[in-house]
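Below: one structure, written as C-alpha cells.
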Amino acid sequence: MARAQQDLALRLEIEELYTEYAHVLDNFELEQWPEFFTDDCLYQIVSRENRERGLPLALMRCESKAMLADRVVTIRQTQMFAPRALRHLVSSLRIAPPASADGVDVQANNAVLQTLVDDETRILSAGRYIDRLVRDGDALKFKSRTCVYDTVMVPNSLIYPL
Amino acid sequence: MARAQQDLALRLEIEELYTEYAHVLDNFELEQWPEFFTDDCLYQIVSRENRERGLPLALMRCESKAMLADRVVTIRQTQMFAPRALRHLVSSLRIAPPASADGVDVQANNAVLQTLVDDETRILSAGRYIDRLVRDGDALKFKSRTCVYDTVMVPNSLIYPL
Amino acid sequence: MARAQQDLALRLEIEELYTEYAHVLDNFELEQWPEFFTDDCLYQIVSRENRERGLPLALMRCESKAMLADRVVTIRQTQMFAPRALRHLVSSLRIAPPASADGVDVQANNAVLQTLVDDETRILSAGRYIDRLVRDGDALKFKSRTCVYDTVMVPNSLIYPL
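Protein chains in written order, with this note's numbering: chain P, 1208 to 1369; chain E, 1208 to 1369; chain F, 1208 to 1369.
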C-alpha cells in the first residue's frame, strides 16, 4: 500500500500540467501553447482510423517548438473564422510506470466542446492524448503529444490545437 | 520536487468540495446547496460574452447565503417545469498558489448534461467556475462562485443552479 | 487538516482503478473487463427512473464474473453492429468514508461519447456509477457496480458495457 512521496509529487505535477494546458487553450492564450513542449517536440493530430491502420496522415503535424510557434502566428494573422468558445474536458489520466530515464508515458481521454455565436454547444471532438513527458529544466514538458480523435472532422473546422 | 503535506491535504479537500457540490446538485438535494457557501457569499451565473465585456448582467445573482436559500424555496414551491436528470462533469481544477490569508482562488471547467423525459441527453451548458474559497470553521466554503457559461441559454431554460 | 498516508494511497488506488476501467473499455479490450470484478460480483445497468421507483428491471445484469465473461463472448461472437469509437468521461469520484471491513463505497459521474463512422460524436449515455469495492488479493475489485443511466436508451443500442 505504501507509495513513495516522489511518485505522488510526480503525479500531481502531471495533473497540473494537463490542467494548465486545457486552461491556456480555452483562454485562447495561444502564445503560451508552445511553452508546454520541448524544442525538439512532436505534436500531431491524427484520426483514430489512420492511427489504427498505421497510416502517417495527420490533420496537423509540427516537428519542433518553432513549428508550433509558426502555427500560432498563422492562426493569429491569417485565418478568418467565426468567434467561438472552446471547453476542454480531460479525464482518466493513465500514467505508465516510469520505466526509463527517457520520460513518462501518459494517456488521457478528452472531449472539446465548442460553442459558436447563437448556436448550441456541440462536441467538436472526442478522443485521446497519447503523450511522452520529459523533464526540461525545472518543468515537465511534452516531448511528444499525439491527439487521436474519434470524431469525423472536416479538416477546415479544426482551427485551434487540441 | 518536494511538496508539503499541507498543500496536498488542501488540494484533496478542494477536490472533495467540488465533488460533493456536483453530487448534491445532480441528486437535487437543493436544500444542501446553500451550505457550500459563506454567509456573505456571492453566487452568480454570467455569460462569457458579458464577462469579457465587463458587463454586470447576470442570469442569476445571489449576494448572500440567505438569498441562495430563498432561491431554493422558489425552485421548490413555485416553478413548473418538466422532470429532468442533470449530470455535472467537472475537470481541470486549477488551484492558484495560496498567496494570502483571504482564501484560495480556484477555476475549473464544467459541462452539465441534461436529459428530459423521452429525449436524448443534451449539453445544457459548458463553461467555467471562477471561485474564491475560504475556511469557515472546519470546512472550506465558497466565498464567491461565478459560473461563466459559454452556452447560449434561453434564460427560462435554466432552472437549477450550476 | 492532517490526512493519513494510508487514506491517500487508497484514494489514488481507486482513481487508478477507474482510469484503467475506462481505458480498457475505450480500447475494446473486452477480455480484460471481467478482471475488474470479484468472482461473486454484481454488475448491472439500470435506468434512473427504475432505480428511483425501486423496480428491479435492468438493461444488463450479471451476477458473477463468469457471467461477465459469457457476456464478452456473446459480444465478440454473435452480435452484428456498426463499428464505433467510445470515449468515457468520468469525474467527481465520491469516496465514502471506509466504515467497515466490507469494502469501500464509491460513486462517480460518467458520460460515454460515441462516434459512428461518418457521423458526428454523440452522447451515448450520461449517468452515475454506484459501486462497492473490496480488496481481492493485491488488487481492488468491484464487488458490485451499478450503472445508473439518465439517458433514454433503446435497449439494442447498448452493446458494450458501461
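C-beta: ideal position from N, C-alpha, C; glycine also. This structure is a prediction, so every number in the text was calculated from the model and none was measured.
- Leu1262 (chain F) is not a Cβ neighbour of Ala1289 (chain F), given a cutoff of 8 Å.
- Three or more pairs of CB atoms, one per stretch, sit closer than 8 Å, so the region 1264 to 1274 of chain E contacts the region 1240 to 1247 of chain E.
- When secondary structure is reduced to three states using DSSP, Asn1316 (chain E) falls in the strand class.
- In this structure, Leu1275 (chain P) lies away from Gly1310 (chain P), with their beta-carbon atoms at least 8 Å apart.
- Around the CB of Ser1364 (chain P), fewer than 16 other CB atoms lie within 10 Å, so the residue is classed as exposed.
- Pairing Glu1259 (chain P) with Lys1350 (chain P), the inter-Cα distance amounts to about 22 Å.
- Remark: C-beta atoms of Leu1293 (chain P) and Ala1318 (chain E) do not approach each other more closely than 8 Å.
- Counted as a single uninterrupted DSSP element, the beta strand (DSSP E) harbouring Val1253 (chain E) occupies residues Phe1244 to Ser1254.
- Scanning the region 1263 to 1305 of chain P for uninterrupted beta strand (DSSP E) segments of 3 residues or longer gives 1267 to 1269 and 1291 to 1302, listed from N- to C-terminal end.
- With respect to the 8 Å criterion, Asn1316 (chain F) and Ser1332 (chain F) are not classified as neighbours on the basis of their beta carbons.
- Rounded to whole angstroms, Leu1347 (chain P) and Leu1224 (chain P) show a C-alpha spacing of 8 Å.
- For the pair Asp1343 (chain P) and Leu1217 (chain F), the Cα-to-Cα distance works out to about 31 Å.
- Not a single C-beta of chain P is nearer than 8 Å to the C-beta of Thr1358 (chain F).
- Cβ contact annotation for Leu1300 (chain F) (same chain, cutoff 8 Å, sequence separation greater than five): Ile1221, Glu1222, Tyr1225, Val1313, Gln1314 and Ala1315, in chain order.
- Within the same chain, Cβ atoms closer than 6 Å to the Cβ of Thr1358 (chain F) are found at Ser1332 and Ala1333, the five residues on either side in sequence being excluded.
- Within chain P, the residues placing a beta-carbon under 9 Å from that of Arg1301 (chain E) are Glu1223, Thr1226, Glu1227, Ala1229 and His1230, ordered along the chain.
- Residue state for Thr1358 (chain F) is assigned as coil, using DSSP reduced to three classes.
- Boundaries around Ile1221 (chain F) are those of the alpha helix (DSSP H), Gln1212 to Asp1233, since no beta strand (DSSP E) includes it.
- Cβ contact annotation for Tyr1228 (chain P) (same chain, cutoff 7 Å, sequence separation greater than five): Phe1243, in chain order.
- Only buried fits Val1253 (chain P), as 16 or more other CB atoms lie within 10 angstroms of its CB.
- Gln1213 (chain F) sits exposed, since fewer than 16 C-beta atoms from the chains shown fall within 10 Å of its C-beta.
- The alpha-carbon separation between Asn1234 (chain E) and Phe1235 (chain F) amounts to approximately 31 Å.
- Nearest CB-CB separation between Leu1293 (chain P) and chain F: not below the 8 Å threshold.
- Checking the DSSP bridge columns, you'll see Gly1334 (chain E) partnered with E:Asn1317 and E:Tyr1356.
- Distance from the CA of Asp1326 (chain P) to the CA of Ile1337 (chain E), rounded to the nearest whole angstrom, comes to 24 Å.
- Contact annotation: Arg1255 (chain E) and Tyr1356 (chain E) have beta-carbon atoms nearer than 8 Å.
- Taking 8 Å as the cut-off, the Cβ atoms of Leu1264 (chain E) and Asn1257 (chain E) count as close.
- In the three-state reduction of the DSSP assignment, Leu1340 (chain P) falls in the strand class.
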